[in-house]
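Visitor: Residues 1 to 150 (full-length UniProt numbering) are what the sequence shown spells out, left to right. Idealized CB from N, CA, C, for every residue including glycine. I'd like to ask you about the structure that follows.
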Amino acid sequence: MLQQYQNILVPVDGSKATEEVLRRGIEVAKRNKTHLDILNVLEVNQFSDTYGGAVSGDVIYKLSEDVQKRLEELKQRAIDAGVTDVDMHIRFGNPKTVIAREFPADHHNQLIMIGSTGLSAVERLMVGSVTTYVSRNAVCDVLIVKPVQA
């Protein structure tokens, strides 16, 4: 029996993979005539070293404002491509658990479409791959989007 997804989650992180993951998420949402959630998870802890151990409210506000603008652009791209039911979300927390469990449980997502990689090799080594964690621990189906080979 063919799976009909009614609610698709596309987490984005601003990496190079974002474009391809969103493009493929839009295709699947259109084909299934379904709802599309675009999510960016901000992990405030990752900025504490950069900003000297403490992240001010102003820094967090500016960061979330920038992400909000970017998500609005991505949402508009989905609408322009023909997706009629799309929402954008910003969450704070650990991207691994938010993407794999918390967000899909709250929003009843049936499919997570995630890039095969977003972090650099060093970041993956230090914090582990979000994609690996999500594929092993998600509460719903996961489709891993590979980058387009040139």
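1) Quick one: using the 10 Å Cβ neighbour count with 16 as the cut-off for buried, is Y61 buried or exposed?
2) Taking V12 as the reference, give the member of Q4, Y5, G25, Q6 with the closest Cα.
3) Tell whether a beta-carbon distance below 7 Å holds between D141 and L111.
4) Please list, in chain order, all residues of the same chain as residue 174 whose beta carbon is under 6 Å from its beta carbon, the five residues on each side excluded.
5) Look up Q137 in the DSSP assignment and say whether it is helix, strand or coil.
6) In whole angstroms, what separates the C-alpha of L74 from that of H108?
7) By the DSSP assignment, the beta strand (DSSP E) with V41 in it spans what residues?
8) Tell me the DSSP secondary structure of V21 in three-state form.
9) Kindly list the residues whose CB is nearer than 6 Å to the CB of D85, restricted to its own chain and excluding five residues on each side of it in sequence; keep chain order.
10) Run through DSSP, which three-state label would V89 get?
11) So the beta strand (DSSP E) P147 belongs to, where does it begin and stop?
12) Distance, Cα to Cα, P147 vs S15?
13) Let me know the secondary structure DSSP gives V28 once reduced to three states.
14) Expressed to the nearest angstrom, what Euclidean distance is found between the alpha-carbon atoms of N32 and D58?
15) With distances taken from CA atoms, which of N137, T18, V28 is nearest N40?
16) So, using beta-carbon positions, are I90 and S129 closer together than 7 Å?
Guide: Taking the structure as given:
1) Flag for Y61 reads exposed.
2) Comparing Cα-Cα distances from V12 to each of Q4, Y5, G25, Q6, the minimum goes to G25.
3) Between D141 and L111, the C-beta spacing is below 7 Å.
4) Absent from the structure is residue 174, since the part of the chain shown begins at 1 and ends at 150.
5) Residue identity check: residue 137 is Asn in the sequence provided, not Gln. Reduced to three states, the DSSP call for N137 is helix.
6) The alpha-carbon atoms of L74 and H108 are separated by roughly 21 Å.
7) Note, V41: beta strand (DSSP E), 35–42.
8) In this structure, V21 counts as helix in the three-state DSSP scheme.
9) Excluding residues up to 5 positions away in sequence, H35 lie with their Cβ nearer than 6 Å to the Cβ of D85 in the same chain.
10) The identity of residue 89 in the sequence shown is His, whereas the question assumes Val. Annotated three-state conformation of H89 is strand, per DSSP.
11) Counting along the chain, P147 falls outside any beta strand (DSSP E), and DSSP gives it neither H nor E.
12) Their Cα atoms are separated by approximately 11 Å.
13) Per DSSP, reduced to three states, the secondary structure at V28 is helical.
14) Taking the straight line joining both Cα atoms gives about 41 Å.
15) The residue with the shortest Cα to Cα distance from N40 is T18.
16) No, Cβ-Cβ distance for I90 and S129 is not below 7 Å.
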